[in-house]
Each structure stands twice: as C-alpha cells, then as structure tokens.
Amino acid sequence: MATNQNQSPKQNSTEPKPCLSGRGLTKVFGVGKVQTVAVDHVDFDFNEGEIISIVGESGSGKTTLSKMLLGLISTTEGTIEYQGKPRDISTNAKKKEYWKNIQPIFQDPFSSYNIFYKIDAVLDDCLNMRGFKNLPEEQKIQMKTEACSFVNLKYAELTNKYPFELSGGQMQRLMIARIFLLKPKILMADEPTSMIDACSRATILDMLLKLRDEINMTIIFITHDIGLAYYISDKVYIMEHGKFVESGSAEDVIINPQADYTKRLISDVPKIYEKWDLDTVAN
Amino acid sequence: MGKVMLEVKDLKTKYVTRFHEDVYAVDGVSLKVEEGKSLGIAGESGCGKSTLALSLMGYYFAPLHYISGDIIVDGQTISNMKPDDVRRKILGNEIAYIPQAAMNALNPTQKIIRFIEDVIHAHGIKMTKKEIYDMARERFAELGLPEEVLEKHAVELSGGMKQRTVIAISTILSPKVLIADEPSSALDVTSQKMVIRMMRQLMEKGYIKSMIFITHELPLLYNVTDDIAVMYAGQFVELGTAKEMVFDPVHPYAKGLMGSIIVPEEGMKAHELTALRGTPPNLKNPPKGCRFAPRCPYAVPTCTAMAPDEKEFENGRCYRCLMSVRKLREVYANGNESKPEPETEFD
Numbered sequence: 003m004a005t006n007q008n009q010s011p012k013q014n015s016t017e018p019k020p021c022l023s024g025r026g027l028t029k030v031f032g033v034g035k036v037q038t039v040a041v042d043h044v045d046f047d048f049n050e051g052e053i054i055s056i057v058g059e060s061g062s063g064k065t066t067l068s069k070m071l072l073g074l075i076s077t078t079e080g081t082i083e084y085q086g087k088p089r090d091i092s093t094n095a096k097k098k099e100y101w102k103n104i105q106p107i108f109q110d111p112f113s114s115y116n117i118f119y120k121i122d123a124v125l126d127d128c129l130n131m132r133g134f135k136n137l138p139e140e141q142k143i144q145m146k147t148e149a150c151s152f153v154n155l156k157y158a159e160l161t162n163k164y165p166f167e168l169s170g171g172q173m174q175r176l177m178i179a180r181i182f183l184l185k186p187k188i189l190m191a192d193e194p195t196s197m198i199d200a201c202s203r204a205t206i207l208d209m210l211l212k213l214r215d216e217i218n219m220t221i222i223f224i225t226h227d228i229g230l231a232y233y234i235s236d237k238v239y240i241m242e243h244g245k246f247v248e249s250g251s252a253e254d255v256i257i258n259p260q261a262d263y264t265k266r267l268i269s270d271v272p273k274i275y276e277k278w279d280l281d282t283v284a285n
Numbered sequence: 039m040g041k042v043m044l045e046v047k048d049l050k051t052k053y054v055t056r057f058h059e060d061v062y063a064v065d066g067v068s069l070k071v072e073e074g075k076s077l078g079i080a081g082e083s084g085c086g087k088s089t090l091a092l093s094l095m096g097y098y099f100a101p102l103h104y105i106s107g108d109i110i111v112d113g114q115t116i117s118n119m120k121p122d123d124v125r126r127k128i129l130g131n132e133i134a135y136i137p138q139a140a141m142n143a144l145n146p147t148q149k150i151i152r153f154i155e156d157v158i159h160a161h162g163i164k165m166t167k168k169e170i171y172d173m174a175r176e177r178f179a180e181l182g183l184p185e186e187v188l189e190k191h192a193v194e195l196s197g198g199m200k201q202r203t204v205i206a207i208s209t210i211l212s213p214k215v216l217i218a219d220e221p222s223s224a225l226d227v228t229s230q231k232m233v234i235r236m237m238r239q240l241m242e243k244g245y246i247k248s249m250i251f252i253t254h255e256l257p258l259l260y261n262v263t264d265d266i267a268v269m270y271a272g273q274f275v276e277l278g279t280a281k282e283m284v285f286d287p288v289h290p291y292a293k294g295l296m297g298s299i300i301v302p303e304e305g306m307k308a309h310e311l312t313a314l315r316g317t318p319p320n321l322k323n324p325p326k327g328c329r330f331a332p333r334c335p336y337a338v339p340t341c342t343a344m345a346p347d348e349k350e351f352e353n354g355r356c357y358r359c360l361m362s363v364r365k366l367r368e369v370y371a372n373g374n375e376s377k378p379e380p381e382t383e384f385d
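Residue numbers (our numbering), protein chains in the order written: chain A, 3 to 285; chain B, 39 to 385.
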C-alpha cells in the first residue's frame, strides 16, 4: 500500500551525501556538420537515499543521460563523480565493479531478458554477481525466495519457467526482484511503468518506494509523466532539449512551476481535480 | 433524452482457439450511447475491452465469433447482417473504428490523399479527385491539420500527426459512431493532448454523432467522456457518469481501479494509491459466482457461489455485486480495518 512519499527516508540530521554527481556533462552524437547535442552541459547532485525524477518529452535527452550515467555510452565532455570520487570505468574490470553499484530497469520488460535463460538462472546470475557463487544451495534458494516474495511472486512456481511466460507486470516485478538481490547503491529506472497497465503501475511504484525505504537505495526515475514524478520522487529535474530547465523538490516544481516548459508539461497531463485546459496546445 | 445512436443488448462473443477452446471475451454487455454523448470503457489488460470494440463493429472474422445479442446503430440492427454488407454499408459510413496501433496501418508508399480516395471509392461514392481533395482539405483545416499532410507520405509524419491523420481519414464519411481503442496510449503527453482535442472537435462540429473511447488511463476518460463503464472479465461491473465513477465508485473493482489514478495535482495528497492484487481470470473457464470474487478484498463465501446480476440504482447507474450499495459504502467508510492483509501470491 502507499507510503507517504514526501517524508524523506531514514535520513539522519547530517548533510545529505551526494551519491552521483555530474559537472558539465555533455553528449554529442554525429560528426562534422551534422551534430545533435543530446545532453548539453548538465550539472546535478543526486543524494543518497533519494528518489530523483528526470522528466521531459520524447527526445529531450533523458535516456541518453541515463545511459551515460550507467556507463553504457561514453561522455563527450564533463565529469561524473560517484560517491565523491571521479568515476573510473576505463577497463572492463572497473566497469564490472561499477555495475555492482548501479543497475537499470528498462522500459520494455519483454526485451530485457535473455530468452534462453530460465527465471532461476536470471536470479542465480545476480547472486553470482554479488560473489555468492559458493554459498550452499539452501541459502541461495532462501535468498531467491525472499527476493521473489518482496515483489509478491512465488519462487517455487517460477523456477522452471521462462521470463516470457509471465505477464508484463510480472516481468517488471521480477526485474525488481533482481534489483533486490543485487542491492546496488543506485537504481536507474528508465520509464519502468510506461509499457504496463495503469493498475499494475501502482504496485511497481510501491515496490520502488519500498526498496528505497528498506535498502536506502538511490533511485533515478526517468519518465515523461509528471504525475508519476510527483507521486514518487523527492526531487525533480525537468529536462528540455538536453538541459535542465528547472529542478527542486517535487512539491516546489510541480505545484509552483516556474519554467514555461514545466507549466506546459503539467498542463498536458489530464487532470481530475481541476479543469483540463485543452485549448492551449504547443505545436 | 437524445436520440439513441448505438444500442447494444446482451452482446456475447467468443474467440475459438486453434485447440477448439472457447474464450468468452465479451459476455453479456449492454450499453446505450445517445447522440452527442460519449462512453468510456476502462479496465485492465485482458479484461475484454478491445474485443468489445471489435465486436461492436458487427464484423466478425476468425478467431472472433458472434454468439448472441443485438447491436443497433441508429435504429438499424447490424448484428444479423452479412459480413460483406457490414463492410460495405456500415463500416466507415455508420461506424468508424480506430485500432490501438492505427498509425502503423498507413502504407508507407502512398500519399495520405490516396487513403482518402480509397475510403471514398470503397463505399461507392462518385467523386472526382479534385472534389475529394477539396473535401479533404476542408476537413483537415477544420480539424487543425495542415493541408500539406495530404501530399505527404506516412514516414514524413510524426507519431502524433500520423495518429491524428488516421482519425481524420477514418471519420471522413462522418460516421454516427466512432470507436477508438486506446488512440493515444503510444504517444507522449503533448501529442496525446492534441489527439484528444481533435476528437473533441469531431464531436463538437458534428462529424461524429457519438463516441466510444477505450483506455486504461482513467484521468483521460474523465476528461473526454460523459459516461464511464468499468469492464472486468468480459462484463461491465459498473456504469455511471464520469464524475460519479471517479469520485464515488461503488463496485470494489471500480474502487480499486480509481485508486490507481495518479495526477500532478495537490488533491493527490489526500488520495490513497491502491494496488489491486492478482490478475484477471482466464476467460476460458471464468470463475463461478462473481468473477471478481477471487481478488475482491470484501468477498464473502456467497460471492464465489452466486453470480451477481447487473442492478440499477440512483438514476441510471448500474453495478454488478451481491452487496447492496449502502453496505459497500459503509465498508469503504470504515476504511482499512475490514481489509484482509494482502498475501504473497504468484499472480
């Protein structure tokens, strides 16, 4: 059930610790005359244990930014700091080490799994990645069962199945079970609810909140739906054409938006408590 | 009361799988849409929304089969017509249907104007190319679509523009009923708003007389349609005006569905987000008794034994539950105490 999202997690009165920060981060695609600046000199500090939303339209550079933070694509300019130190992913070994701390959930659960792996193998992989390869079998099963019950799935019924035998919502929940096993410091959730039903959406959001509350995970939530961002996040960054046009606490940004772009994004979402103004449409 | 544009009486249709199993996807749906009104149909994936949309066209092709019930469009019963007659006389003329991925239906090698010529010729209307072009240009201008679109190919248009173009093409003959199945769910919020605005213009300018809008996004339905029906396992579980349904749902399933609404407004604070557990039943052999009983937090043993009928209460609202409205409201008012703890379960 819903927890109150606006109370900060188990945070001490001490200063919030930045977990991931970026300075002048830029990504340019293309060479020569045909260049697209996807992310344009963005600065940010994502603190530990916070849920941060990055909101923008299609093509605003949200996913490019997330891929840079994940280390899947190189940066053109700028630096990324992880826990106060410059991030180093120059070698494969270092990259693997970094990925122990940052894990993604992608938009499309149907294409996120290896179709040749059974669910059991998917979960085993996570344990191996955390160095539990040589644990006794019972202990492994216990951990996997715990992870599955965290997302309201029954491990015993899943072992012999393939991911594609599950529904979209179940697959996305299994993805969260993986995250629960891996316990990364940062979770990068790239539109995790856009391909699934509005009804299963609430379940996924609640599980993300639970991850934050129980493991103090930093969650970077990428979405185009400002309503979701308002519900789930502590901080919101609004992205337009590769730049952050507005940022701050979810309350400030969404209830009192300053930038025109934010106002437009909010006005584009259907409302139920106020009148939805259909006449102002930007072309 | 306005003139009834679309009336459906106890419609039942089924899918026959290749193993000759019957899947009862629409099981006794009745509805009525008056002139100038719109009806929204909400429900989660797999509840039969899209099958209902297909069934309403009156044009059945395997694996979808018609069982019983009447579909009456402006006084004309179409459910007993031959498929070829339905295709020639009803589709496009009387009923227009926009499927979920409508924009993928545009042939990339043809200009948009060719599709419009196709629609007009397929219905046996004699018009020259020039007349068709003028008509299309006028209609596009009325709907706020640029004229250049007519001379473009589908690949040159953005997703939102493609979707709006498809809607404009399919309503070019001014049908009486428009059935839109998730017309905006593949689009981002800005394009979605433009699609919705266009559908409203179609209604206001009288190009369509009534509309059925299917989606799982409830805030959208609330803003677009006059009435909302909530569908579960092939049946309507509740039907009422948009406002009643969003702010005062009666059926436990409708209540759960309305609890999943997320909007960026201050009012959200007071709103408790609820998650429905479990998945819809398999319609090959739907549960005996109330179909929602296995997932219902308020179910009592009688619920699994006796199937509730659709009952009417308070000027035209209908619901399908064994409990009385008064009792249900009492249970909701008492809050979480009567709610059993959610168990861990597979589905």
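For every residue, glycine included, the Cβ atom is placed at its ideal position computed from N, Cα and C. Please read these numbers as outputs of a predicted model, since none were measured by experiment.
Check whether residue i and residue j have beta carbons under 8 Å apart
| i | j | result |
| --- | --- | --- |
| GLY182 of chain B | LEU225 of chain B | no |
| VAL30 of chain A | VAL44 of chain A | no |
| CYS359 of chain B | PRO346 of chain B | yes |
| ALA292 of chain B | GLU304 of chain B | no |
| MET165 of chain B | ILE154 of chain B | no |
| PRO318 of chain B | PRO325 of chain B | no |
| MET219 of chain A | LEU189 of chain A | yes |
| MET197 of chain A | GLN105 of chain A | no |
| ARG175 of chain A | MET209 of chain A | yes |
Own chain partners of residue i with C-beta closer than 6 Å, once the 5 adjacent residues on each side are dropped
| i | result |
| --- | --- |
| TYR135 of chain B | MET95, ILE217 |
| GLU83 of chain A | SER23 |
| ALA207 of chain A | The sequence given here places Leu at residue 207 of chain A; Ala does not occur at that position. So the qualifying residues of the chain are ILE234. |
Alpha-carbon to alpha-carbon, residue j and residue i
| i | j | result |
| --- | --- | --- |
| VAL233 of chain B | GLY86 of chain A | 46 Å |
| GLN273 of chain B | PHE99 of chain B | 21 Å |
| PHE330 of chain B | SER83 of chain B | 15 Å |
| THR60 of chain A | SER113 of chain A | Looking at the sequence shown, residue 60 of chain A is not Thr but Ser. Looking at the two C-alpha atoms, the distance is approximately 20 Å. |
| ILE121 of chain A | ALA179 of chain A | 11 Å |
| MET237 of chain B | LYS41 of chain B | 21 Å |
| SER62 of chain A | GLY244 of chain A | 5 Å |
| LYS187 of chain A | ASN103 of chain A | 5 Å |
| GLN239 of chain B | LEU160 of chain A | 49 Å |
| ILE300 of chain B | ILE163 of chain B | 47 Å |
| LEU259 of chain B | GLN201 of chain B | 18 Å |
| HIS289 of chain B | ILE217 of chain A | 37 Å |
| ILE365 of chain A | ILE56 of chain A | Residue 365 of chain A is absent from the model: chain A starts at 3 and stops at 285. |
| ILE252 of chain B | ALA91 of chain B | 8 Å |
| THR28 of chain A | ARG235 of chain B | 37 Å |
Selected residue, minimal CA-CA separation from residue i, among the options
| i | options | result |
| --- | --- | --- |
| GLU282 of chain B | B:ASP265, B:PRO137, B:MET141 | B:ASP265 |
| GLU205 of chain A | B:GLN114, B:GLY316, B:ARG177 | Note that residue 205 of chain A is Thr in the sequence shown here, rather than Glu. Of B:GLN114, B:GLY316, B:ARG177, the residue nearest in Cα terms is B:GLY316. |
| GLU220 of chain B | B:VAL262, B:HIS289, B:GLU242 | B:VAL262 |
| GLN26 of chain A | A:GLU52, A:LEU168, A:TYR263, A:THR77 | Here the sequence assigns Gly to residue 26 of chain A, which means Gln is not the residue at that position. For the residues A:GLU52, A:LEU168, A:TYR263, A:THR77, the minimum Cα distance to GLY26 of chain A belongs to A:THR77. |
| PRO302 of chain B | A:MET131, A:LYS237, A:TYR233 | A:TYR233 |
| ARG56 of chain B | B:PRO101, B:LYS75, B:VAL64, B:CYS85 | B:PRO101 |
| THR89 of chain B | B:SER76, B:LEU77, B:TYR104 | B:TYR104 |
| ILE91 of chain A | A:ASP227, A:ALA191, A:VAL36, A:GLY73 | A:GLY73 |
| GLY1 of chain A | A:LYS98, A:VAL153, A:LYS69 | Because chain A here runs from 3 to 285, residue 1 of chain A falls outside it and cannot be looked at. |
| LEU168 of chain A | A:PRO111, A:SER196, A:MET131, A:ALA158 | A:PRO111 |
| TYR336 of chain B | B:LYS349, B:ASN323, B:LEU321, B:GLU368 | B:GLU368 |
| LYS231 of chain B | A:ILE53, A:TRP278, A:THR28 | A:TRP278 |
| ILE151 of chain B | B:ASN131, B:TYR270, B:GLN138, B:ALA174 | B:ALA174 |
| LEU321 of chain B | B:CYS85, B:ALA80, B:TYR171 | B:CYS85 |
| THR282 of chain A | A:TYR157, A:ASP270, A:ILE56 | A:ASP270 |
| LYS365 of chain B | B:VAL338, B:LEU44, B:HIS58, B:THR342 | B:VAL338 |
| ILE210 of chain B | B:VAL227, B:VAL111, B:ALA80, B:ILE246 | B:ILE246 |
| ILE128 of chain B | B:LYS50, B:LEU44, B:THR312 | B:LEU44 |
| ILE41 of chain A | A:LYS237, A:PHE166, A:GLY58, A:GLY34 | It is Val, not Ile, that sits at residue 41 of chain A in the sequence shown. Comparing Cα-Cα distances from VAL41 of chain A to each of A:LYS237, A:PHE166, A:GLY58, A:GLY34, the minimum goes to A:GLY58. |
Cβ neighbours of residue i in the same chain (closer than 7 Å, five flanking residues each side left out)
| i | result |
| --- | --- |
| ALA261 of chain A | ILE240, VAL247, GLU248 |
| LYS47 of chain B | SER68, GLY107, ASP108 |
| GLU180 of chain B | LYS243 |
Sequence-distant residues of its chain with Cβ nearer than 8 Å to residue i (five each side left out)
| i | result |
| --- | --- |
| THR115 of chain B | ASP108, ILE109 |
| VAL204 of chain B | ILE136, ALA140, MET141, ALA143, LEU144 |
| THR65 of chain A | ASP192, ILE224 |
| message | Which residues of the segment 14-37 of chain A have a Cβ closer than 7 Å to any Cβ of chain B? Give them in chain order. | response | From the segment 14-37 of chain A, no residue has a Cβ closer than 7 Å to chain B.
| Residues of the segment 266-296 of chain B with Cβ closer than 9 Å to any Cβ of chain A, in chain order | VAL284, PHE285, GLY294, LEU295
| task | Scan the segment 249-261 of chain A for residues whose Cβ lies nearer than 8 Å to a Cβ of chain B and list them as they occur along the chain. | result | ILE256, ILE257
| message | Using a Cβ-Cβ cutoff of 9 Å, what residues of the segment 214-233 of chain A are near chain B? List them in chain order. | response | Listed by position along the chain: HIS226, ASP227, ILE228, GLY229, LEU230, ALA231, TYR232, TYR233.
| Interface positions of the segment 224-238 of chain B facing chain A (Cβ-Cβ less than 7 Å), listed along the chain | ASP226, VAL227, THR228, LYS231, MET232, ILE234, ARG235, ARG238
| query | Going along the segment 50-62 of chain A in order, which residues come within less than 7 Å of chain B, judged by CB to CB distance? | reply | GLU59, SER60
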